[in-house]
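S.K.: If you scroll down you'll find the structure; I have some questions about it.
Numbering (my numbering), first residue to last: 966 to 1209.
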(Lines of atoms letter the chains of each structure in order from A and count residues from 1; the text may use other names and numbers.)
(Lines give C-alpha, C1' and ligand atoms only; values in the text may rest on other atoms or scores of the structure.)
Protein backbone atom coordinates (compact mmCIF):
# COMPACT_ATOMS: atom_id res chain seq x y z
CA UNK A 1 0.00 0.00 0.00
CA UNK A 2 1.21 3.48 -0.87
CA UNK A 3 -0.04 6.43 1.16
CA UNK A 4 0.62 8.45 4.30
CA UNK A 5 1.13 6.37 7.44
CA UNK A 6 2.02 7.19 11.03
CA UNK A 7 4.67 4.47 11.11
CA UNK A 8 5.52 4.96 14.80
CA UNK A 9 1.89 4.48 15.84
CA UNK A 10 1.43 1.44 13.58
CA UNK A 11 4.60 -0.17 14.99
CA UNK A 12 3.46 0.54 18.55
CA UNK A 13 0.16 -1.23 17.89
CA UNK A 14 1.84 -4.17 16.15
CA UNK A 15 4.09 -4.74 19.16
CA UNK A 16 1.08 -4.53 21.47
CA UNK A 17 -0.57 -7.29 19.45
CA UNK A 18 2.43 -9.57 19.95
CA UNK A 19 4.44 -8.97 16.78
CA UNK A 20 8.23 -9.43 17.02
CA UNK A 21 10.90 -7.38 15.26
CA UNK A 22 12.89 -9.07 12.48
CA UNK A 23 15.62 -7.85 10.14
CA UNK A 24 16.11 -8.33 6.40
CA UNK A 25 18.09 -6.38 3.80
CA UNK A 26 18.92 -3.70 6.35
CA UNK A 27 15.26 -3.07 7.18
CA UNK A 28 13.07 -3.91 10.17
CA UNK A 29 9.76 -5.69 9.74
CA UNK A 30 7.35 -7.31 12.18
CA UNK A 31 6.21 -10.92 12.40
CA UNK A 32 3.59 -12.99 14.24
CA UNK A 33 2.75 -16.71 14.01
CA UNK A 34 4.22 -19.24 11.58
CA UNK A 35 4.20 -18.78 7.81
CA UNK A 36 0.69 -18.98 6.32
CA UNK A 37 -0.79 -19.61 9.78
CA UNK A 38 -4.12 -18.07 10.81
CA UNK A 39 -5.86 -17.52 14.12
CA UNK A 40 -9.61 -17.34 14.66
CA UNK A 41 -9.06 -15.49 17.92
CA UNK A 42 -6.85 -12.68 16.61
CA UNK A 43 -8.47 -9.21 16.30
CA UNK A 44 -7.45 -9.20 12.62
CA UNK A 45 -8.73 -12.75 11.95
CA UNK A 46 -10.70 -11.65 8.91
CA UNK A 47 -7.42 -10.83 7.20
CA UNK A 48 -6.61 -14.58 7.42
CA UNK A 49 -2.81 -14.93 7.18
CA UNK A 50 -2.25 -11.78 5.12
CA UNK A 51 -0.93 -9.74 8.07
CA UNK A 52 1.53 -12.31 9.46
CA UNK A 53 4.44 -10.16 8.26
CA UNK A 54 4.33 -6.35 8.14
CA UNK A 55 6.76 -3.65 7.06
CA UNK A 56 5.78 0.01 7.44
CA UNK A 57 7.31 3.43 6.96
CA UNK A 58 5.64 6.82 6.55
CA UNK A 59 4.89 6.24 2.83
CA UNK A 60 4.58 2.47 2.41
CA UNK A 61 2.97 -0.51 4.11
CA UNK A 62 3.78 -4.06 3.00
CA UNK A 63 1.97 -7.10 4.37
CA UNK A 64 2.49 -10.78 3.56
CA UNK A 65 1.51 -14.19 4.93
CA UNK A 66 5.03 -15.66 4.89
CA UNK A 67 8.63 -14.70 5.60
CA UNK A 68 10.05 -15.40 2.15
CA UNK A 69 7.46 -13.12 0.56
CA UNK A 70 8.09 -10.01 2.64
CA UNK A 71 11.86 -10.53 2.73
CA UNK A 72 11.80 -10.91 -1.05
CA UNK A 73 10.24 -7.45 -1.33
CA UNK A 74 12.82 -5.87 0.99
CA UNK A 75 15.72 -7.59 -0.76
CA UNK A 76 14.46 -6.44 -4.16
CA UNK A 77 14.36 -2.83 -2.93
CA UNK A 78 17.98 -3.13 -1.85
CA UNK A 79 19.30 -4.81 -4.99
CA UNK A 80 17.41 -2.61 -7.47
CA UNK A 81 17.56 -5.50 -9.97
CA UNK A 82 14.97 -6.56 -12.57
CA UNK A 83 11.35 -6.44 -11.48
CA UNK A 84 8.12 -8.09 -12.63
CA UNK A 85 7.33 -4.90 -14.56
CA UNK A 86 10.00 -6.06 -17.02
CA UNK A 87 8.47 -9.53 -17.37
CA UNK A 88 6.34 -9.89 -20.52
CA UNK A 89 3.62 -12.03 -18.92
CA UNK A 90 3.21 -10.08 -15.68
CA UNK A 91 3.35 -6.74 -17.48
CA UNK A 92 0.59 -7.84 -19.89
CA UNK A 93 -1.63 -9.01 -17.02
CA UNK A 94 -1.04 -5.79 -15.07
CA UNK A 95 -2.09 -3.77 -18.12
CA UNK A 96 -5.27 -5.84 -18.47
CA UNK A 97 -6.19 -5.18 -14.83
CA UNK A 98 -6.14 -1.43 -15.47
CA UNK A 99 -5.83 0.74 -12.37
CA UNK A 100 -7.17 -1.48 -9.54
CA UNK A 101 -7.49 -0.40 -5.93
CA UNK A 102 -6.14 -3.82 -4.96
CA UNK A 103 -4.84 -6.77 -6.95
CA UNK A 104 -2.96 -10.04 -6.80
CA UNK A 105 -0.81 -11.60 -9.51
CA UNK A 106 0.72 -15.07 -9.52
CA UNK A 107 2.17 -17.72 -11.78
CA UNK A 108 0.03 -20.74 -12.65
CA UNK A 109 2.17 -22.90 -10.36
CA UNK A 110 1.54 -20.61 -7.38
CA UNK A 111 -2.14 -20.18 -8.24
CA UNK A 112 -2.76 -23.92 -8.04
CA UNK A 113 -0.44 -24.55 -5.06
CA UNK A 114 -2.95 -25.28 -2.30
CA UNK A 115 -0.27 -25.12 0.41
CA UNK A 116 -0.24 -21.34 -0.16
CA UNK A 117 -3.99 -20.86 0.10
CA UNK A 118 -5.93 -20.07 3.27
CA UNK A 119 -8.20 -23.07 2.77
CA UNK A 120 -8.14 -26.19 0.64
CA UNK A 121 -10.12 -25.63 -2.56
CA UNK A 122 -11.50 -28.32 -4.81
CA UNK A 123 -9.52 -27.54 -7.93
CA UNK A 124 -11.11 -30.27 -10.02
CA UNK A 125 -12.18 -29.99 -13.62
CA UNK A 126 -15.89 -30.64 -14.04
CA UNK A 127 -16.74 -33.38 -16.57
CA UNK A 128 -18.96 -31.11 -18.67
CA UNK A 129 -16.21 -28.52 -19.14
CA UNK A 130 -14.13 -28.23 -22.27
CA UNK A 131 -10.42 -27.39 -22.31
CA UNK A 132 -8.50 -24.19 -21.66
CA UNK A 133 -5.01 -23.76 -23.05
CA UNK A 134 -2.11 -23.73 -20.59
CA UNK A 135 -1.75 -20.18 -19.28
CA UNK A 136 1.30 -18.77 -17.46
CA UNK A 137 0.16 -15.90 -15.20
CA UNK A 138 -3.08 -14.97 -13.42
CA UNK A 139 -4.09 -11.52 -12.19
CA UNK A 140 -7.15 -10.69 -10.08
CA UNK A 141 -7.96 -7.04 -9.36
CA UNK A 142 -10.67 -5.04 -7.59
CA UNK A 143 -11.61 -1.57 -8.83
CA UNK A 144 -14.28 1.10 -8.50
CA UNK A 145 -15.55 3.02 -11.53
CA UNK A 146 -16.40 6.71 -11.59
CA UNK A 147 -20.10 5.95 -11.18
CA UNK A 148 -19.40 4.09 -7.93
CA UNK A 149 -19.86 0.58 -9.35
CA UNK A 150 -17.49 -2.13 -8.13
CA UNK A 151 -15.66 -4.53 -10.44
CA UNK A 152 -13.45 -7.58 -10.24
CA UNK A 153 -11.23 -8.33 -13.22
CA UNK A 154 -9.56 -11.67 -13.96
CA UNK A 155 -6.77 -11.81 -16.52
CA UNK A 156 -4.66 -14.75 -17.69
CA UNK A 157 -1.64 -14.59 -19.98
CA UNK A 158 -0.80 -17.15 -22.66
CA UNK A 159 2.47 -17.32 -24.61
CA UNK A 160 0.30 -18.58 -27.51
CA UNK A 161 -1.07 -15.60 -29.47
CA UNK A 162 -4.23 -17.46 -30.52
CA UNK A 163 -5.08 -19.08 -27.16
CA UNK A 164 -7.03 -16.24 -25.53
CA UNK A 165 -9.51 -15.87 -28.40
CA UNK A 166 -9.91 -19.64 -28.63
CA UNK A 167 -10.62 -19.96 -24.89
CA UNK A 168 -13.05 -17.03 -24.54
CA UNK A 169 -16.27 -19.04 -25.19
CA UNK A 170 -15.20 -21.78 -22.77
CA UNK A 171 -14.35 -19.32 -19.98
CA UNK A 172 -17.66 -17.50 -20.48
CA UNK A 173 -19.54 -20.81 -20.23
CA UNK A 174 -17.68 -21.93 -17.11
CA UNK A 175 -18.23 -18.67 -15.24
CA UNK A 176 -21.94 -18.75 -16.05
CA UNK A 177 -22.51 -21.93 -14.00
CA UNK A 178 -19.49 -21.90 -11.66
CA UNK A 179 -20.06 -23.32 -8.17
CA UNK A 180 -17.53 -22.13 -5.58
CA UNK A 181 -14.71 -24.57 -4.90
CA UNK A 182 -13.99 -23.54 -1.32
CA UNK A 183 -15.08 -25.28 1.87
CA UNK A 184 -18.92 -25.46 2.10
CA UNK A 185 -18.62 -24.00 5.61
CA UNK A 186 -18.00 -20.59 4.08
CA UNK A 187 -21.13 -20.86 1.95
CA UNK A 188 -23.11 -21.58 5.11
CA UNK A 189 -21.89 -18.23 6.45
CA UNK A 190 -23.55 -16.38 3.61
CA UNK A 191 -20.95 -16.36 0.85
CA UNK A 192 -22.33 -16.98 -2.66
CA UNK A 193 -22.44 -20.60 -3.79
CA UNK A 194 -22.52 -19.48 -7.44
CA UNK A 195 -20.43 -16.28 -7.27
CA UNK A 196 -20.76 -15.15 -10.88
CA UNK A 197 -24.51 -15.76 -10.92
CA UNK A 198 -25.51 -14.60 -7.42
CA UNK A 199 -23.14 -11.69 -6.82
CA UNK A 200 -22.26 -10.39 -10.28
CA UNK A 201 -23.86 -8.86 -13.28
CA UNK A 202 -22.94 -11.05 -16.26
CA UNK A 203 -19.14 -11.07 -16.74
CA UNK A 204 -17.65 -9.42 -19.82
CA UNK A 205 -15.03 -11.66 -21.44
CA UNK A 206 -12.46 -10.21 -23.85
CA UNK A 207 -9.32 -11.45 -25.59
CA UNK A 208 -6.33 -9.32 -26.62
CA UNK A 209 -3.51 -10.54 -28.87
CA UNK A 210 0.01 -9.12 -29.01
CA UNK A 211 3.35 -10.02 -30.58
CA UNK A 212 4.43 -11.68 -27.31
CA UNK A 213 1.27 -13.70 -26.58
CA UNK A 214 -2.35 -13.08 -25.62
CA UNK A 215 -4.45 -12.14 -22.59
CA UNK A 216 -7.94 -13.40 -21.77
CA UNK A 217 -9.79 -11.23 -19.27
CA UNK A 218 -13.20 -11.22 -17.61
CA UNK A 219 -14.74 -8.23 -15.82
CA UNK A 220 -17.45 -8.87 -13.25
CA UNK A 221 -19.60 -6.01 -11.91
CA UNK A 222 -20.86 -6.52 -8.37
CA UNK A 223 -24.59 -6.48 -7.74
CA UNK A 224 -23.95 -5.14 -4.21
CA UNK A 225 -21.48 -2.50 -2.97
CA UNK A 226 -20.33 -5.05 -0.36
CA UNK A 227 -17.82 -6.92 -2.51
CA UNK A 228 -15.30 -8.09 0.10
CA UNK A 229 -15.78 -11.72 -0.92
CA UNK A 230 -13.71 -11.13 -4.05
CA UNK A 231 -10.55 -11.72 -1.96
CA UNK A 232 -11.53 -15.39 -1.63
CA UNK A 233 -10.50 -15.83 -5.26
CA UNK A 234 -6.98 -14.81 -4.19
CA UNK A 235 -6.66 -15.97 -0.58
CA UNK A 236 -8.44 -19.30 -0.90
CA UNK A 237 -7.71 -19.92 -4.57
CA UNK A 238 -11.38 -20.19 -5.55
CA UNK A 239 -10.27 -20.44 -9.19
CA UNK A 240 -11.31 -23.92 -10.30
CA UNK A 241 -13.03 -22.29 -13.30
CA UNK A 242 -9.51 -21.57 -14.65
CA UNK A 243 -8.23 -25.15 -14.58
CA UNK A 244 -6.82 -25.89 -18.08
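Glycine residues also receive a C-beta, built at the ideal position from the N, C-alpha and C atoms.
Among 966, 997, 968 and 1034, which has the Cα closest to the Cα of residue 979?
M.R.: Cα-wise, what sits closest to residue 979 is 997.
S.K.: What are the start and end residues of the alpha helix (DSSP H) that includes residue 1160?
M.R.: 1160–1163
S.K.: Assign residue 1060 to one of three DSSP states: helix, strand, or coil.
M.R.: helix
S.K.: Hey, residue 1077 and residue 1088: beta-carbon distance below 7 Å or not?
M.R.: yes
S.K.: Any idea if residue 1145 is buried or exposed, counting beta-carbon neighbours within 10 angstroms, 16 or more meaning buried?
M.R.: The residue is buried, with at least 16 neighbouring Cβ atoms inside 10 Å.
S.K.: What is the DSSP secondary structure of residue 1120, reduced to helix, strand or coil?
M.R.: strand
S.K.: For residue 1050, which residues in the same chain have their Cβ closer than 8 Å to its Cβ, ignoring the five residues on either side in sequence?
M.R.: Here residue 1050 has 1056 and 1059 as same chain residues with Cβ atoms under 8 Å from its own Cβ, once five neighbours each way along the sequence are excluded.
S.K.: Provide the residue span of the alpha helix (DSSP H) that contains residue 1184, from first to last.
M.R.: First-last for residue 1184: 1179–1187, but that is the beta strand (DSSP E), not the alpha helix (DSSP H).
S.K.: Could you tell me which residues DSSP pairs with residue 995 in its beta bridges?
M.R.: 986 and 1019
S.K.: Taking all protein chains shown into account, decide if residue 1020 is buried (16 or more other Cβ within 10 angstroms of its Cβ) or exposed.
M.R.: buried
S.K.: Nearest to residue 1162 by alpha carbon, out of 1141, 1025 and 1176?
M.R.: 1141
S.K.: Determine contact between the region 1121–1139 and the region 1194–1203, defined as no fewer than three beta-carbon pairs at a distance below 8 Å.
M.R.: no
S.K.: Along the chain, where does the beta strand (DSSP E) that runs through residue 1109 open and close?
M.R.: 1102–1109
S.K.: For residue 1209, which residues in the same chain have their Cβ closer than 6 Å to its Cβ, ignoring the five residues on either side in sequence?
M.R.: 1097 and 1099
S.K.: Please classify residue 1106: is it buried, with 16 or more other beta-carbons within 10 angstroms of its beta-carbon, or exposed?
M.R.: buried
S.K.: Between 1166, 1022, 988 and 1015, which lies nearest to residue 971 when the distance is taken from Cα to Cα?
M.R.: 1022
S.K.: Output yes or no for whether 7 Å exceeds the beta carbon distance between residue 966 and residue 1039.
M.R.: no
S.K.: Are the CB atoms of residue 1043 and residue 907 within a distance shorter than 7 Å?
M.R.: This structure cannot speak to residue 907, because the chain is shown only from 966 to 1209.
S.K.: From residue 1178 to residue 1171, what distance separates their C-alpha atoms?
M.R.: 14 Å
S.K.: Quick one: residues in its chain with C-beta nearer than 7 Å to the C-beta of residue 1185, no 5 flanking neighbours on either side, listed in chain order?
M.R.: 1116, 1117, 1161, 1165 and 1168
S.K.: In the DSSP assignment, find the beta strand (DSSP E) that holds residue 1095 and state where it starts and stops.
M.R.: First-last for residue 1095: undefined, no H or E at that position.
S.K.: Where residue 1004 and residue 1093 are concerned, what is the direct C-alpha to C-alpha distance, given to the nearest angstrom?
M.R.: 38 Å
S.K.: Using the Cβ count rule (16 or more neighbours within 10 Å means buried), how would you classify residue 1033?
M.R.: By the Cβ-count criterion, residue 1033 is exposed, with fewer than 16 other Cβ atoms from all chains shown falling within 10 Å of its own Cβ.
S.K.: Tell me where the beta strand (DSSP E) around residue 927 begins and ends.
M.R.: Outside the modelled stretch of the chain, which goes from 966 to 1209, sits residue 927, for which no answer is possible.
S.K.: Under a three-way DSSP split, which group does residue 1053 fall into?
M.R.: helix
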